[in-house]
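Novice: Going down the list, the sequences are from chains A and B.
According to the working numbering, the first sequence is numbered sequentially starting from 213.
According to the working numbering, the second sequence is numbered sequentially starting from 213.
Number of protein chains: 2
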Amino acid sequence: MKNFDPLETLISYLRFPSVSTDKEFHEGMKDARNFVGGLLENMGFSVELIETECHPVILAERFVGEDLPHIVLYGHYDVQPADPLDLWDSAAFEPEIRNGRIYGRGSADNKGPTIVHMSALQEVLSEQPDLALNITYVIEGEEEMGSPSMPKFFDRYSERLSKADMMFVSDTGSPTTDQIVITTALRGLVELEIKVKGPKSDLHSGIYGGAVYNPLHALSEIIASLHNEDGSVNIPGFYDGVSKIEHWERDELKRYPLNLEEYQSMLEVPGFYEPRGFSPLEAVRFEPTLEINGMGGGYQGEGTKTIIPSEAFAKITCRLVAEQKGDEVQNHVIKAIEERCPKGVKLEVRRGCFANAYSVIPPNKSEAVECSNFLKNAFSVTDLAIQKQFGKSPLYLREGGSIPVIADFKNRAGLDAIMVGLFTPEDNLHAPNESFDIELMQKATATFADIFRSLGEPR
Amino acid sequence: MKNFDPLETLISYLRFPSVSTDKEFHEGMKDARNFVGGLLENMGFSVELIETECHPVILAERFVGEDLPHIVLYGHYDVQPADPLDLWDSAAFEPEIRNGRIYGRGSADNKGPTIVHMSALQEVLSEQPDLALNITYVIEGEEEMGSPSMPKFFDRYSERLSKADMMFVSDTGSPTTDQIVITTALRGLVELEIKVKGPKSDLHSGIYGGAVYNPLHALSEIIASLHNEDGSVNIPGFYDGVSKIEHWERDELKRYPLNLEEYQSMLEVPGFYEPRGFSPLEAVRFEPTLEINGMGGGYQGEGTKTIIPSEAFAKITCRLVAEQKGDEVQNHVIKAIEERCPKGVKLEVRRGCFANAYSVIPPNKSEAVECSNFLKNAFSVTDLAIQKQFGKSPLYLREGGSIPVIADFKNRAGLDAIMVGLFTPEDNLHAPNESFDIELMQKATATFADIFRSLGEPR
Chain A
213 MKNFDPLETL ISYLRFPSVS TDKEFHEGMK DARNFVGGLL ENMGFSVELI
263 ETECHPVILA ERFVGEDLPH IVLYGHYDVQ PADPLDLWDS AAFEPEIRNG
313 RIYGRGSADN KGPTIVHMSA LQEVLSEQPD LALNITYVIE GEEEMGSPSM
363 PKFFDRYSER LSKADMMFVS DTGSPTTDQI VITTALRGLV ELEIKVKGPK
413 SDLHSGIYGG AVYNPLHALS EIIASLHNED GSVNIPGFYD GVSKIEHWER
463 DELKRYPLNL EEYQSMLEVP GFYEPRGFSP LEAVRFEPTL EINGMGGGYQ
513 GEGTKTIIPS EAFAKITCRL VAEQKGDEVQ NHVIKAIEER CPKGVKLEVR
563 RGCFANAYSV IPPNKSEAVE CSNFLKNAFS VTDLAIQKQF GKSPLYLREG
613 GSIPVIADFK NRAGLDAIMV GLFTPEDNLH APNESFDIEL MQKATATFAD
663 IFRSLGEPR
Chain B
213 MKNFDPLETL ISYLRFPSVS TDKEFHEGMK DARNFVGGLL ENMGFSVELI
263 ETECHPVILA ERFVGEDLPH IVLYGHYDVQ PADPLDLWDS AAFEPEIRNG
313 RIYGRGSADN KGPTIVHMSA LQEVLSEQPD LALNITYVIE GEEEMGSPSM
363 PKFFDRYSER LSKADMMFVS DTGSPTTDQI VITTALRGLV ELEIKVKGPK
413 SDLHSGIYGG AVYNPLHALS EIIASLHNED GSVNIPGFYD GVSKIEHWER
463 DELKRYPLNL EEYQSMLEVP GFYEPRGFSP LEAVRFEPTL EINGMGGGYQ
513 GEGTKTIIPS EAFAKITCRL VAEQKGDEVQ NHVIKAIEER CPKGVKLEVR
563 RGCFANAYSV IPPNKSEAVE CSNFLKNAFS VTDLAIQKQF GKSPLYLREG
613 GSIPVIADFK NRAGLDAIMV GLFTPEDNLH APNESFDIEL MQKATATFAD
663 IFRSLGEPR
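1) Can you pull the chain A neighbours of S359(B), defined as C-beta to C-beta under 9 Å?
2) Per the DSSP calculation, G287(A) is bridged to which residue(s)?
3) Taking C-alpha atoms, which residue in R531(A), F380(A), E441(A) lies nearest to I630(A)?
4) Starting from Y225(B) and walking both ways along the alpha helix (DSSP H), at which residues does that stretch end?
5) So with CB distances below 8 Å, who are the chain B contacts of F484(A)?
6) Considering just the uninterrupted stretch of the alpha helix (DSSP H) at V541(A), what are its terminal residues?
7) Have a look at N645(A), E371(A), N322(A), L609(A) and flag the residue whose alpha-carbon is nearest the alpha-carbon of L493(A).
8) Quick check on A534(A): does DSSP put it in helix, strand or coil?
9) Check this for me: beta carbons of L401(B) and F566(B), under 8 Å apart or not?
10) Just to confirm my understanding: we take G515(A), look at its own chain, exclude 5 residues before and 5 after, and list those with CB closer than 8 Å. What are they?
11) Any C-beta of chain B within less than 7 Å: which residues of the segment 467–481 of chain A qualify?
12) Mind pulling the chain A residues with CB within less than 7 Å of Q512(B)?
13) What's the call for L472(B), buried or exposed, on a 16-neighbour Cβ count within 10 Å?
14) Hey, could you find the ends of the beta strand (DSSP E) A629(B) is sitting in?
15) Can you list, in chain order, the residues of the segment 402–436 of chain A whose Cβ is nearer than 7 Å to any Cβ on chain E?
16) How far does the beta strand (DSSP E) with F566(B) in it extend, from its first residue to its last?
17) Going by alpha carbons, who is nearest to P325(A) out of N568(A), S386(A), P575(A)?
18) Do the CB positions of A320(B) and F648(B) come within less than 8 Å of each other?
19) Within the continuous beta strand (DSSP E) that includes K409(B), where are the two ends?
20) Listing by chain order, which chain B residues have their CB less than 7 Å from the CB of A712(A)?
21) Output the distance between the C-alpha atoms of N576(B) and Y315(B), rounded to the nearest integer angstrom.
22) Taking Cβ positions only, does H544(B) come closer than 8 Å to chain A?
23) Between P670(A) and P521(B), what straight-line distance do the alpha-carbon atoms span, to the nearest angstrom?
24) Quick one: list the residues of chain B neighbouring D295(A), beta-carbon separation under 9 Å, in chain order.
25) With distances taken between CB atoms, is the gap from R562(B) to L404(B) smaller than 8 Å?
26) Below 8 Å between beta carbons: does that hold for K323(A) and L226(A)?
27) Any beta carbon of chain A sitting closer than 8 Å to that of R372(B)?
28) Going straight from the alpha carbon of E352(B) to that of G603(B), what length do you get?
29) For G538(B), does the count of other Cβ atoms within 10 angstroms reach 16, so buried, or fall short, so exposed?
30) So which residues on chain A does Q292(B) lean against when the C-beta distance must stay under 7 Å?
31) Give every residue of the same chain whose Cβ lies closer than 6 Å to the Cβ of E464(A), excluding the five residues on either side of it in the sequence, and list them in chain order.
32) Taking just the CA atoms, how far does R531(B) sit from G358(B)?
33) Can you confirm whether R665(B), when its beta carbon is compared against all beta carbons of chain A, has any partner nearer than 8 Å?
34) In the DSSP assignment, the beta strand (DSSP E) including N215(B) goes from what residue to what residue?
35) Could you work out which residue in L333(B), P637(B), V593(B) is closest to S477(B) when comparing CA atoms only?
36) Within 8 Å, do at least three Cβ pairs link the segment 615–635 of chain A to the segment 539–556 of chain B?
Here it is in C-alpha cells:
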C-alpha cells in the first residue's frame, strides 16, 4: 500500500463536480465515486458499489475478525450546486489554496472530512496493518438530495450494518477552528415545492391587470401566512412532538465561543428572529423551521416587463426537531397551503422527501442514559483525543443541519453516531467560496488517528 | 417612389429584435430604426433621428403647405422582451405565417399597426401625390420602457408638434377582429423595483434557519400586504384622484362582444378579482392596479438547495386612471413598502418612470365636450371608415394599457388622439406567440386609406 498525501488527494477529489441534484453532473458524480472507491481499495478495503435509483452508494469493508470492535464511517461524495457561480473568487471545481484554506465546492461538506478520516486511518494502518478493528465505510451520493435511496439501501444492508457497534460522522460544524463540537442532535428535513398557476400564459398587465389574479400575489399571500411575526411557524400541528430542551444543553451553549453581536456581525444581518422566545443561537438548534429556499415567477431580466405571469413557484424545506414526524409535518404544511390558496389560482404541490430528527445523549452529560460500553468508551476516547489535539474539551451541542440518513442508521441498524464537527462558519457551507481550514484538517486527522488507535487496542 | 408590399415589409421589420429594455439588443434596435426610417424616406418624408439618452426617436415630416390640415402619426419601433423563449411555437424573431396570422414579437405591438398606417398612406399618396395633408411621424424606441426620453424630446419639439391638429395612434386593442374599439382613455404607469437584503451571502438553511430573517419571507410579507382580498390596493392615498365613470361608458361596455364566461375561458383562469365592486371587464378599464410583474430569490434550478438566500427582488408596476398623479402614487407605494418592511432585512428601492393617465371624450358621446372642428371631423371620418370596412360602428371604450407618451402629446403639445385599436386578445400581446391577424391588417389599411383621403379633401 502506497500512502497518499492528504492535501493533494483532497485537491484531486474536489475537481470532480459531483452535484447530485442536477442531472448535468452525472459524469462528475461517477468520477468522484470511482476516486473515493479507489482510495479505499488502496487501503485494503473490499469495495462494492451499491446501485440505487439515482446515485450508487459506496459500501466498503475491512473485516479483521469476529468478536472484534466494529465501527461504521459515514460520509457522502455528492456536493451542493455551486451557483451563483459569479460570486466565487476562484472556480468552484478548480480548488485553490489561499491563506491556509482550500477553496472549492465540497471542501468542507463533505469531501475534506472524508479525507480526514481516510488519512487518519492510513496513518494508523501503516503503523499497525493488523489493527484489531473492523471497519465499514458507507459513502453515499444523495446526501444533498435528502438521501432518498437510503431507505432501500437499509432494506438490503441494515442487518449487516447492525453488527457494528456504533458509527462516526464528520458532517457537522464547530463554531471556531479550535473549539470542536460533538453534535448530539440533527434536525429532520421535509421538502416540498409548490406552483401557483394563473392564466394559461403571461398576460399584458395593462390589458388584464385588475381582474386577473396574479400568481405572484397569490404565492406571496400563501408564503406570508406561514410565519408569525417572531419567525415561528403559523401552521396548525406543526409543533406537535417538539419537546423541551434539557438543562445541560443550555449550559453547554453558554460555553459557546461566539456571542450574539459577533454572530450578527459575522452574518452581516440587521436583526434576528427570536421564535417563541428562543435566542437566535438557541433557535437554530432547538427549534423547527420552515424556510423558503427559492421562489420566483414572471420577468427575471433587466428592466421592466409589464406582465401578469402565468405561474409562480416556491421551494420549501422544514427542519424538524425531537419527535416531530416528517410525514405528518409535510401533511400539515400542504393542508395549510391548500386552505390558504386564493380561489383565483390553481395550486400544484410536489412532495419531496422527509426525514425525522436524530439525537443521542452523550453518556458523560446525563446519568439517565442507557448506552453500550463500547459507545461509552468511544465517546470518552473521542473527548480525550479532541482535548489532546485541539487543547480544549469538545462542546456537546445540538446542530441545526440535517443528515437524514443518521436517524435511519439508528432506527434501521441500531447504530448511534458520534458526530465530530469539522467545518466552521468561515467555511461558507452551501454558499459561494466554500473552503476548509488546512490546520484544522491536520489536527482532525491526528485526532481520528488517536481514536482509531485507541479503539483498536486490546481491551 | 416604388411601392412596398405590406406583408413582406412587416416580415422584414419583425426580423429585427428591437427589445428596448435589454442592452443586448442594441443592434436590433438600430436595425429596426433604420428600416422604418428608410420606408418613410421612400415615401417622401424628411427623416430625422433625434438622439436621446437611450434609443433615438424617428421624427419624419411631410410638409405640403401652411394652413393645411396637419396630423401626427405615432408609433414605436421597440418591442417587449421575448422570453420565456421555450414557449414560442416559432422563434420570436423569425416571423412565420400560420392560419391567417403572422407570428413574431412585435407583430401586433406595434410593428403591424405601423405598417398598416404606412401602407394606407402609400396607397393614398400613389393616387394623389399632392395630398393636401401635412403629416408628422413620431416613432419612438422606448415605449416598452415607459418612454423615459420623451419628456426631453417634448422640451425640444413640442412647439413644432403643437402646430398639428390632432394625432392618430394604433397601439390599443379591440375585442374581436370585426369589432373595432376607439380608445377613449389610457391608464398611466408607475414603475419601481425593490430588493430585500438579508445575510451577506446565501446561508445553509439548517445551520442558520430559524434565527436569520429570510429575505423571501420578508418580501412575501411586503407583497402580500399591498392588496386586499378583493384585489383592490391596500396603500393609503393610492386611490386619490380616481373619479367616477360616466354613464355612456357603462353603456358602451354593454355592447362589448365578449361576456364574462367567454373572457374567463379565453384566459383559462379559475376566477377573477372584482376590486371595489367593479366587474372584471370594468376593472381592467376603470380601476387602477398594482401588479408584481416579476419576483425572485434563492435557488431557481432543479431539485432542492437548502439555503437562506441573501436577497430577493420584486418588479412592480401600477396602472393609473383619471387624475391620479404618477409621482404621488410612486411615493405612496414606496412609503407603504418602507413602513411594512420587517426590521430583520434591508430594503433597496429603485424608482422607475411614471406617467399619468390620458383621456379624450369623443364628441359624439357627450355634448359637454369642447373640441376643435378638425378633431370633431376626424372622429366622424374615422367612425364612418370603420363602419364601411368592418361593417360595424366602433365601440368607444377606455383601455387598460398605458401609452405614457399620449398624455404628454396632450399636455405638452395640445394634441388629442384618436386611438384605433388594431390588436385583439388572440394576438398574445407581451406574451409568447404574439401574432397579428392578416385580414384585419388589410381591412385596417383600407380604413386608414379612407381616413387619410377624407382628411386631405378640400373643405
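Beta carbons: idealized from backbone N, C-alpha and C, even for Gly.
Specialist: Taking the structure as given:
1) Those do not exist, as S359(B) stays about 12 Å from chain A at its closest Cβ, beyond 9 Å.
2) I351(A)
3) Its Cα nearest to that of I630(A), the residue F380(A) stands out among R531(A), F380(A), E441(A).
4) 218–226
5) A423, V424, Y425, G556
6) 538–552
7) Nearest option by C-alpha distance: L609(A).
8) coil
9) yes
10) Counting only Cβ-Cβ distances below 8 Å, and skipping sequence neighbours, we find nothing.
11) L479, E480, V481
12) G506, G508
13) Within 10 angstroms of the beta-carbon of L472(B) lie fewer than 16 other beta-carbons, which makes it exposed.
14) 629–632
15) No chain E is present in this structure, whose protein chains are A and B.
16) 558–567
17) Relative to P325(A), the option among N568(A), S386(A), P575(A) whose CA is nearest is S386(A).
18) yes
19) 400–409
20) No answer is possible for residue 712(A): the residues shown for chain A start at 213 and end at 671.
21) Taken atom to atom, the span from the alpha-carbon of N576(B) to that of Y315(B) is near 36 Å.
22) no
23) 51 Å
24) Y511, Q512, G513, K517
25) yes
26) yes
27) no
28) 33 Å
29) buried
30) K517
31) L607, Y608, L609
32) 12 Å
33) Cβ-Cβ to chain A under 8 Å: no for R665(B).
34) Looking at the DSSP string, N215(B) is not in any beta strand (DSSP E), and its letter there is neither H nor E.
35) P637(B)
36) no
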